[in-house]
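Chains as they are written, first to last, in the working numbering: chain A, 1350 to 1835; chain B, 337 to 782. All C-beta atoms, glycine included, are put in the ideal place defined by N, C-alpha and C.
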Amino acid sequence: MSVGILTLIVLGLAALGYFVGRQRALALVQGDARHLHSLPNYYGWSVALFAAVPALLLTAAWLFVQPVLIETRVSAMLSETVIAEAGSTGLVMSDVRRVADGLNAVAAKAGLDEAGIDALRADFTDLRGRLAEVGVALGADVDTSVLAAAKEYRILSGEGRIAMAVAVLLLTLAGGAFALWRITPEQRARNLVEQFTLALLIGCSMIAVATTAGIIVSLVFESVHFFNIYPASDFLFSTEWNPQFRGGSSLGLWPLVWGTMYVSLIALIVAAPIGLMAAIYLSEYASANMRATAKPLLEILAGIPSIVYGLFALITVGPILRDWFAEPMGLGNSSSSVMTAGVVMGIMLIPYVSSLSDDIINAVPQAMRDGSFGLGATQSETVKRVVLPAALPGIVGAVLLAASRAIGETMIVVMGAGAAAQLSLNPFDAMTTVTVKIVSQLTGDTEFASPETLVAFALGLTLFCITLALNILALIIVRKYREQYE
Amino acid sequence: MTDASLHSAAPKSLTAIDSRTRRRKAAETRFRLLGLGAVSLGLVALVFLLISILGNGLGAFKQTRVEFPVFLDAAVLDKSGTGDPAALKKITTIAYGKLIQKALEAELTAKGIDTLGLSSKDILGLMSKEAPAELRDRVLADPALIGQTVPFSSFATSRVDGFFKGRVTLETAARDANISPEQLKVAQAMKDAGMIATKLNLAFLTASDSSELRPEAAGLGVAALGSAYMMLIVLVLSLPIGVATSIYLEEMAPKNKWTDMIEVNIANLAAVPSIVYGILALALFINFMGLPQSASIVGGLVLTLMTLPTIIIATRAALKAVPPSIRDAALGVGASKMQSIFHHVLPLAMPGILTGTILGLARALGESAPLLLIGMVAFVKDFPAAPPEGLLQPATALPVQVYQWTQRSDPAFVERASGAIIVLLVFLLIMNAVAIILRRRFERRW
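Written out as structure tokens, the structure is:
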């Protein structure tokens, strides 16, 4: 029985429990709901919750624990030679799982019963061929101990599934029956249900915390792995990035950080003045009509997915910059360059800067402007000498937020900046960034446990720390500024 | 003395503008123009971006097709003459390719088109490599066709397609190993004779991806389905969780350090780079929980985590906008706190919540970086099955498909990628329009 069907059955039983519970509560008071402590629905809900919640929790726990238990039992069956050949138990176990899946498929296709599967022998039948027929491609012939393990795995997981189904259904019925038995006219069903709802709400809000915890744990955990096999000092202080397939890579952080900073700097040089001037114009000069059209149009730029900007960089901006600027000026002939990625990213960031700055400029009290006008200042003088200095902290915050976006942006740099890790000052050189290398190291073919792959987690940790610091700084600045005028 | 000095410093006239005022006024105009310039620069960038994508991508919705009759020779396709399906299946696409080549040559002679001394292989080279397989599928589906002459229509190769769309010219063809100028001249003659036409190609929206060598047959079907699955998961998970979190934080939670921490947490999560979520998904869902790579469930889960902060922020704003008098009135007639929230506040906040959810979904639809890390860059040709099993099968997503196509060397894929972007943008436009309409129609000002 699949988990989906089991869940549906549990939910169906719970729904049934709702109606039975409601009826029972009403029957206890001869249909006169006024004699009940709570509305009849709450009695129904209490039964449904008692039936469904423990059962579903048990299902989740079972799904989590069962594979671990089975793997420890099955992996003991594997012969030492197989494990030594493959390099790690984990790899053999994944083979075992695939063979077990394949056996199921073969059995389903050929109509084999249990005895038939048991009779399959790795050394006699062409098991690899038969498995390939059902879509399980194996790199080598099936080892005897792997096959035995796979058979055991099949049987154990089959038994586990059945045990789970029985246990879960029993728990559903028991929970429902318990709740039904508890129903009395005096029972505080509403309070019970509301307490449960509150627990659910709290549980949901924990997911946000769990996500952060998950991010930090997974980054730190794998980074520690990485630093165990690669010296941290080389990662942090080396200026060479040169991953090799066969080991002996140099994985220095600095070329990537330099590329990231350079791209972000160009992006901010594009976005900050344009965004700020646009915000000033829209909040101080533009008519209401123009503001109502231009502001949403500019914000479309923020709603466009970054893959679109990436394509724009790749097929339009890159070639234009190369043909019109880089080649005539003798600065290079690569269409992917720091300039390409920076300019396109700058366009993307315009609305981030302009929207935030707009809010902040609008928050500057009108009295300050009026005072300046009263002294005879023109509008631009008021903006430059009064409004901007007053709004400056907020604008700095907005630019910092945009910078954190720029540093974390992936698709534009993957498609526009290139892949060469180098420390160069020429903005028309192809350079690479932290995010580009995270993608390329994790989508490559290298083995997961190698430093070349694990370095991506260390890079991710670096990225997370930088953006987090920038965000917190920006939030503190913006919050301080808001308080100033409230 | 004083009188004289006062007199000399006095302005010459009140109506004539002196040089300092003129300078200040000029500075004012300059500043104003600078602002206008900034706004227009932003808008010009937007227009330029859209024109570039549309200009490159609209061609993907049309495709050049070659049409001619093919004689399905029984002596080749069904040697035994029994029509036994197993025997029919043994005939490979190479045999079908030969049939197509013969038929094409015959048709060229019949139409009186000069083949300019092209070899048979070059003539077959005008057609997509997909054509023999297409013909084979058709015959296997209906073996009764064997022995007949059937009208056949298939894609021309991407270079011929590019020639009629202006991407390939005779000059570039001279340098191209895959096509020769003579072939293009023959193709032009075929077009003049009505054998080749560039038509609307809906297969671009429905077909699955194809290999590097046949860009003309590549379609978005699997990617669109994968995106739809993921959006479904995101909607089903993030809406209830997001609303529950917001209700707790906005209505129930005591103001203390703990809830403060949750709030700061959510604000920070909204700003975490999307690629970090990809790393989380790789470590947690794939390595730790053992979910399959490139499955839409993993993509859906990671996009859910990414969308949650957006939905929570929008929902909290919507809940805040419901005036306290509603809550007070409900409590006043004896409702419990839960009842006041679920029966009164939540329904009134629903339009705002839905708007936020749609915007969050639109964002998730365009997200690609985390999906790259969970193995969605793999080449997926088969459509995933219907949910729930389909959620565990390999799939890809629209933005990832775009990325994959840009990584291929054939320039025909750039057109495909831009076409896919147009589809993506149309979806985003629809979602945003729905959000705006929802807000306009149902939003209440208290």
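I'd like to confirm the pairing. Which residues does DSSP put opposite residue i in its beta bridges?
| i | result |
| --- | --- |
| Ile-532 (chain B) | B:Val-402 |
| Asn-1591 (chain A) | A:Ser-1599 |
| Phe-407 (chain B) | B:Thr-485 |
| Met-463 (chain B) | B:Ala-492 |
| Ala-631 (chain B) | B:Pro-730 |
Short of 7 angstroms in beta carbon distance, which residues of its chain neighbour residue i, apart from the five on each side in sequence? Order them along the chain.
| i | result |
| --- | --- |
| Pro-1403 (chain A) | Leu-1520, Gly-1524 |
| Leu-627 (chain B) | Phe-621, Ile-633, Val-634 |
| Ala-1651 (chain A) | Pro-1700, Tyr-1701 |
| Gly-1659 (chain A) | Met-1760, Ile-1761, Val-1763, Met-1764, Gly-1765 |
| Ala-340 (chain B) | In this prediction, Ala-340 (chain B) has a pLDDT of 49, which is less than 50 and means its spatial position is unreliable; nothing more can be read from the coordinates. |
| Ser-582 (chain B) | Ile-648, Thr-651, Arg-652, Leu-655 |
| Leu-342 (chain B) | Low local confidence applies: a pLDDT of 49 at Leu-342 (chain B) is under 50, so the model's placement there is unreliable, and no value is given. |
Can you list, in chain order, the residues of its chain with a C-beta nearer than 8 angstroms to that of residue i? Leave out the 5 residues immediately preceding and following it.
| i | result |
| --- | --- |
| Ser-704 (chain B) | Ala-733, Pro-735, Val-736, Val-738, Tyr-739 |
| Ala-463 (chain B) | Going by the sequence as given, residue 463 (chain B) is Met instead of Ala. Closer than 8 angstroms at the Cβ level, and outside the excluded window around Met-463 (chain B), lie Val-402, Ile-436, Leu-440, Ser-490, Phe-491, Ala-492, Thr-493. |
| Gly-1720 (chain A) | Val-1735 |
| Leu-695 (chain B) | Thr-646, Ala-650, Met-767, Asn-768, Ala-771 |
| Asp-1583 (chain A) | Ser-1599, Leu-1600, Gly-1601 |
| Gly-1793 (chain A) | Glu-1801, Thr-1802 |
| Met-337 (chain B) | Any reading at Met-337 (chain B) must be qualified, since the residue scores a pLDDT of 45, below 50, and its modelled position is unreliable; the value itself is stated next. So the list is empty, once near-sequence residues are dropped. |
According to DSSP, is residue i part of a helix, a strand, or is it coil?
| i | result |
| --- | --- |
| Leu-486 (chain B) | A quick correction: the sequence has Val, not Leu, at residue 486 (chain B). Here Val-486 (chain B) sits in strand by DSSP. |
| Phe-491 (chain B) | strand |
| Thr-338 (chain B) | Only weak support is given to the placement of Thr-338 (chain B): the predicted model assigns it a pLDDT of 48, under 50, and the question is left unresolved by the model. |
| Ala-771 (chain B) | helix |
| Pro-720 (chain B) | coil |
| Val-1827 (chain A) | helix |
| Leu-765 (chain B) | helix |
| Ala-1409 (chain A) | helix |
| Met-1678 (chain A) | coil |
| Ser-676 (chain B) | helix |
| Met-1555 (chain A) | helix |
| Val-658 (chain B) | coil |
| Gln-1536 (chain A) | coil |
| Asn-601 (chain B) | helix |
| Ile-1664 (chain A) | helix |
| Leu-1398 (chain A) | helix |
| Tyr-565 (chain B) | helix |
| Thr-451 (chain B) | coil |
| Phe-1777 (chain A) | coil |
So with CB distances below 8 angstroms, who are the chain B contacts of residue i?
| i | result |
| --- | --- |
| Ala-1557 (chain A) | Thr-581, Ile-598, Asn-601, Ile-602, Leu-605, Leu-644, Pro-645, Ile-648 |
| Glu-1429 (chain A) | Going along chain B, no residue has its Cβ under 8 angstroms from Glu-1429 (chain A), so there is no contact; the nearest lies around 24 angstroms. |
| Phe-1806 (chain A) | Ile-615, Ala-619 |
| Gly-1809 (chain A) | Ile-611, Val-612, Ile-615 |
| Pro-1416 (chain A) | Gly-626 |
Which bits of chain A does residue i rub up against, with CB to CB less than 7 angstroms?
| i | result |
| --- | --- |
| Val-738 (chain B) | Ile-1656, Leu-1660 |
| Pro-735 (chain B) | Pro-1654, Ile-1656 |
| Ser-349 (chain B) | Those do not exist, as Ser-349 (chain B) stays about 18 angstroms from chain A at its closest Cβ, beyond 7 angstroms. |
| Leu-382 (chain B) | Leu-1646, Ile-1649, Leu-1650 |
| Pro-724 (chain B) | Gly-1353 |
| Val-713 (chain B) | Thr-1792 |
| Val-669 (chain B) | The contacting residues do not exist; Val-669 (chain B) stays about 14 angstroms from chain A at best. |
Name, please, each residue of chain B whose Cβ falls closer than 7 angstroms to the Cβ of residue i.
| i | result |
| --- | --- |
| Asn-1820 (chain A) | Asn-604, Ala-607 |
| Tyr-1630 (chain A) | Gly-371, Leu-372, Ala-374, Val-375 |
| Pro-1580 (chain A) | Residues of chain B passing the Cβ test: none, with the nearest at roughly 22 angstroms. |
| Glu-1543 (chain A) | Ser-672, Met-674 |
Listing by chain order, which chain A residues have their CB less than 9 angstroms from the CB of residue i?
| i | result |
| --- | --- |
| Met-686 (chain B) | Neighbours of Met-686 (chain B) on chain A: none; closest Cβ ~17 angstroms, over 9 angstroms. |
Please look up how many angstroms separate the CB atoms of residue i and residue j, rounded, as I've assumed it's under 8 angstroms.
| i | j | result |
| --- | --- | --- |
| Ile-810 (chain B) | Ile-389 (chain B) | Absent from the model: residue 810 (chain B). The displayed extent of chain B is 337 to 782, so no value can be given. |
| Ala-1662 (chain A) | Ala-1690 (chain A) | 6 angstroms |
| Ile-1419 (chain A) | Leu-1505 (chain A) | 5 angstroms |
| Leu-1337 (chain A) | Phe-1545 (chain A) | The question about residue 1337 (chain A) has no answer, for chain A in this structure spans 1350 to 1835. |
What does residue i reach in chain B if we use C-beta pairs closer than 9 angstroms?
| i | result |
| --- | --- |
| Gln-1536 (chain A) | None at all; the shortest Cβ gap to chain B is about 16 angstroms. |
For a contact meaning CB atoms closer than 8 angstroms, what does residue i contact in chain A?
| i | result |
| --- | --- |
| Pro-590 (chain B) | The premise fails here: Pro-590 (chain B) is roughly 11 angstroms from chain A at the closest Cβ pair, so nothing lies under 8 angstroms. |
| Ser-388 (chain B) | Phe-1661, Ile-1664, Thr-1665 |
What does a CB cutoff of less than 6 angstroms around residue i pick up in its chain, not counting 5 residues either side in sequence?
| i | result |
| --- | --- |
| Ala-1627 (chain A) | Ser-1703 |
> Of all the residues that make up the stretch 1664-1686 of chain A, which are near chain C by a beta-carbon distance shorter than 9 angstroms?
Replying inline: Given the protein chain composition of this structure (A and B), no chain C is represented.
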